[in-house]
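Undergrad: In the order they appear, the protein sequences are chains H and S. Numbers 0 to 351, taken from numbering that gives the first Met the number 0, label the letters of the first sequence in order. Numbers 0 to 339, taken from numbering that gives the first Met the number 0, label the letters of the second sequence in order. Quick reminder that beta carbons are idealized off the backbone N, C-alpha and C, glycines included. Since this is a predicted model, take the numbers as computed values, not measurements.
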Amino acid sequence: MTRAAVVGTGAIAETHLACLKSLPDVEVVGVVDLSPARAEATAERFGVRCWYADTGTMLADARPDAVHVTTPPNAHVGIALDALQAGAHVVVEKPVAPTYEGWSRLRDEARSRGLRLIENQNYRFAREVRQVQRLIGGGEFGAVHQIDVRFFQSIAGSNHPFADPFLPHPTLQLPGGPITDFLPHMASLVHEFLGEPTGVHATWLPGEAGRTPVPYVDMVGTVRTDAGLATLSFGSRSGPDGFWVSVFGERAQARINLYEGRLTVDSLRGGPPPLRPLANAVAEARGTVSSAARSLWGKLTSAPGSYEGLWFLLGAFYASLEDGTEPPLSLDDVDATARIVAGLTDQVEELR
Amino acid sequence: MSVLVTGAGGFLGRRVVAALRDRGLTARALVRRPDDDLAAMGAEVVVGDLRRPVSPALFDGVETVVHLAAVVAGSPGAQFTGTVTATEHLLAAMAGSGVSRLVLCSSFSVYDWSEVSGSLDEDSPLEADLHTRDGYTAAKLWQERVCRRAAVGAPWTLTVLRPGFVWGPGNDWVWGVGVRARDTTVVVGSRKPLPLTHVDNCADAFATVVCDPRADGGTYNVVDGFPITPLDYAKLYRAGYGGRIVVVPHAALRGVGVAAAGVIRALSGRPARLPALFDTHLFDARFKPLSFPPSRLTSTVGWRPPHTLAECAARTFGSGALPSGGRGERAATGTVEPAG
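(1) For a test of the three-state rule: what should DSSP assign to S:LEU125, helix, strand or coil?
(2) Should S:VAL46 be labelled buried (16 or more other beta-carbon atoms within 10 Å of its own) or exposed?
(3) Counting pairs of beta carbons, one from the stretch 61–80 of chain H and one from the stretch 88–104 of chain H, are three or more of them closer than 8 Å?
(4) State the DSSP-derived secondary structure class of S:PRO270, mapped to helix, strand or coil.
(5) Return the CA-CA distance between S:PRO276 and S:GLY256, expressed in angstroms with no decimal places.
(6) Confirm, please, whether the CB-CB distance from S:ALA260 to S:ALA271 is below 9 Å.
(7) Going by beta-carbon coordinates alone, are S:ARG32 and S:SER1 separated by less than 9 Å?
(8) Are S:SER113 and S:LYS287 closer than 9 Å when you measure CB to CB?
(9) Let me know the secondary structure DSSP gives H:GLU249 once reduced to three states.
(10) Any beta carbon of chain H sitting closer than 9 Å to that of S:GLY76?
(11) Should S:PHE79 be flagged as near chain H, meaning a C-beta pair shorter than 9 Å?
(12) My output table needs one value for H:HIS200: the three-state DSSP class, helix, strand or coil.
(13) Would you kindly work out how many angstroms separate the C-alpha atoms of S:SER118 and S:SER99, rounded to a whole number?
(14) 9 Å is my cut-off, CB to CB: does S:THR5 come that close to chain H?
(15) Who are the near neighbours of S:GLY169 in its chain, counting only those whose CB is closer than 7 Å to its CB and skipping five residues on each side?
(16) Which residues in chain C sit within 7 Å of S:ALA94, going by Cβ to Cβ distance?
(17) Looking at the structure shown, is H:TRP243 part of a helix, part of a strand, or coil, going by DSSP?
(18) Spell out a yes or no on whether the stretch 152–170 of chain H and the stretch 319–334 of chain H are touching, meaning 3 or more CB-CB pairs, one atom from each, closer than 8 Å.
(19) Looking at the C-beta of H:SER290, does it have a partner C-beta in chain S at a distance below 9 Å?
(20) Ignoring anything shorter than 4 residues or poking outside the stretch 41–100 of chain H, list the alpha helix (DSSP H) runs there in chain order.
(21) Output yes or no for whether 9 Å exceeds the beta carbon distance between H:VAL25 and H:THR8.
(22) If we cut at 9 Å on Cβ distances, does S:TRP172 have a partner in chain H?
(23) Helix, strand or coil for H:ILE154? Go by DSSP, reduced to three states.
(24) Where DSSP assigns a beta bridge to H:SER232, which residues make up the other side?
(25) Using 8 Å as the cut-off, classify the Cβ of S:LEU289 as near or not near the heavy atoms of the ligand GDP, replying yes or no.
(26) Step through the CB atoms of chain H and report whether any lies within less than 9 Å of the CB of S:SER267.
(27) If you compare alpha carbons, which of S:HIS249, S:PRO293, S:THR307 is closest to S:GLU121?
(28) Spatial neighbours of H:ARG236 within its chain, please: C-beta separation below 8 Å, excluding the five flanking residues on both sides.
(29) Against chain S, does H:GLY9 count as a neighbour if the rule is that its beta carbon must be under 9 Å from one of theirs?
(30) Give me the Cβ distance between S:THR136 and H:ALA36, rounded to the nearest whole Å; I'm assuming they're in contact under 8 Å.
(31) Which same chain residues, not among the five before or five after S:ARG14, have their C-beta less than 7 Å away from its C-beta?
(32) Is the Cβ of S:GLY73 closer than 9 Å to any Cβ of chain H?
(33) Under 7 Å Cβ to Cβ from H:VAL47, same chain only, skipping five residues before and after it: list those, please.
(34) If distances are taken between C-alpha atoms only, which option among S:ASP36, S:MET40, S:THR307, S:SER54 comes closest to S:GLY387?
(35) Could you work out which residue in S:VAL221, S:THR207, S:LEU129, S:ALA153 is closest to S:LEU90 when comparing CA atoms only?
(36) Counting only Cβ pairs nearer than 9 Å, list the residues of chain H close to S:GLU87.
Dropping the structure here:
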């Protein structure tokens, strides 16, 4: 039985805990929050025996094999280092660290101690992404040379926690502000489909001073790899909220709505050319209806929804701990993602 | 006596400040943003946010704290932080101060409505399975829990008020009535009593507790005792805003939820997660036909809501909202029973 602990008990921590409770060979031995009531409430809800108001006491008392760091990003490095130095494997929420230097410290610590360290890159493991990877692996796409990743989230409005005028959100301290909170998801998909980054550029649009505390409201970036080019964009002023990735191969194109679990694939089909648009439309309609039905059923039956990839990732992570096999994400995978994020946010510093 | 009111800029908070003023008391009003209206009432306005630690100086010269601050919208996490963590910060800063009384605003939502049968009073069971309820209920229950634990051995007493559905100008929709869809009000169960308390009556209950030491240390529901049903209230609302009313039998709608949950559980093997209207536990907490005896404040200090239903309706929806010959009488003193 692997002993796990969770530090930080916000909404994403509850998703980690729900997943951990579903894993048969994992026992959650402690939860931590600076707010004792919050730690206790979370422990009570998920049937965890012990709760703590500080990480050091938890590490000494509960002696977990793995620690999930789900605090605000600026606390990630210190807590993850403490956990690694206590001999625990670590799962860190995204962004794994506020800066590339912070990530480098964690990476080196984990490597020197022979411990596993992964970032939550759940969308890399989403069902639809895995499905497209299977099609690519089966040769249906041919080579993939371009992808397009688009995130829409209304983070700058006064009702959004990121823009709360009375309680400055921790992500405001990230380079680029709250947008950077989403970049690891986007960067991980670039790495998933196109591999190592060789060049990164970005343009950031500042928020209007006095109207929102969010420093940047839109971002458009490009990433060059040996395989091709990726475009990334984040929009806080376009709706509805959504997370889209398009994968363009030599013979097929996929469009994934990651929030709604919808995948459509256009491919070069056989048959008379005039009928191909109809065939594509029918295939798209079938995909849309089935994903909508699956999404609704998932919502009615407490399924993980858009976090399904986290279930897959954590399941594979704990299986790898048990078996001594390679984890689903290597340090090099997380490093590549961190380099893309650093490249995008480097442009922020130039703007300032 | 100096009284600190947290959440003083809110719907109930500013009425409590006014009710204290009417009794000759000056409030120190903790608010998130400067508030000229409160200052005009003579309150000492202090700007702060309990979601962050606050200075012990907040309690300088304060004898009584009326703790109303809570976050009642947003994600469950945001509500927990704004209600429970905020209370932890309040209590931490209060330790070592000269405060002798804490009056906490809890809620009717803390009860386990599914377990209650007949009438709901101060001795009714509290919700035990918190994660089956909404973020508001979980936060209010934890807020009470945190305060009760801190009160043990503390140099201050804890008095808890649990208001029913609070209504008034600016908050004139009562969620126990039913559902609004465009210009239609769908009333769920037309004949059960509603545990209403008008915001001015509710504020008077708080001021009464502050001023009367006989109430110290107790737990009190706050209901006005008006014999008003969801259909009556929907008609008041219609008088103010127009639209039409459709009545859905309580048992029929609950039956749909029970059936849907059963089918989903049978097909998926997992618990159903239905919208609040079809989740029977949440449905009960909103619509269960129960009777609501007068507040224990009535027997303890003789409190009665000062404003009649007609006055409250006029303050909320304008004069003429309540038809003449209707239920303009002063609040009932007996238990309000379901009408069938």
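TA: Put simply:
(1) If DSSP states are grouped into helix, strand and coil, S:LEU125 belongs with the strands.
(2) So S:VAL46 counts as exposed.
(3) yes
(4) coil
(5) For the sequence presented, residue 276 of chain S should be read as Leu rather than Pro. Spanning the two alpha carbons is a distance of roughly 8 Å.
(6) yes
(7) no
(8) yes
(9) coil
(10) yes
(11) Yes, S:PHE79 lies at the interface with chain H (some Cβ there is under 9 Å from its Cβ).
(12) Three-state result, H:HIS200: strand.
(13) 33 Å
(14) By this cut-off, S:THR5 is not an interface position.
(15) PHE10
(16) Looking for chain C here will not work: the only protein chains present are H and S.
(17) strand
(18) no
(19) No, H:SER290 lies away from the interface with chain S (no Cβ there is under 9 Å from its Cβ).
(20) 54–61, 75–84
(21) no
(22) Chain H, which has no Cβ nearer than 9 Å to the Cβ of S:TRP172, makes this no.
(23) H:ILE154 falls in the coil class under three-state DSSP.
(24) H:ARG149, H:VAL219
(25) Of the ligands one can find in the structure shown there are none, so the ligand GDP has no counterpart to examine.
(26) Taking 9 Å as the threshold, the shortest C-beta distance from S:SER267 to chain H falls below it.
(27) S:PRO293
(28) SER153, ALA155, VAL216, ASP217
(29) Judged by the 9 Å Cβ criterion, H:GLY9 is in contact with chain S.
(30) With a contact defined as Cβ atoms closer than 8 Å, S:THR136 and H:ALA36 miss out at about 15 Å.
(31) Around S:ARG14: VAL198, ASP199, ALA202.
(32) yes
(33) Here the set comprises VAL27, GLY29, VAL30.
(34) Past the edges of chain S, shown from 0 to 339, lies residue 387 of chain S, and the structure says nothing about it.
(35) Measuring from the Cα of S:LEU90, the nearest candidate turns out to be S:ALA153.
(36) What S:GLU87 touches in chain H: SER34, PRO35, ALA36, ARG37.
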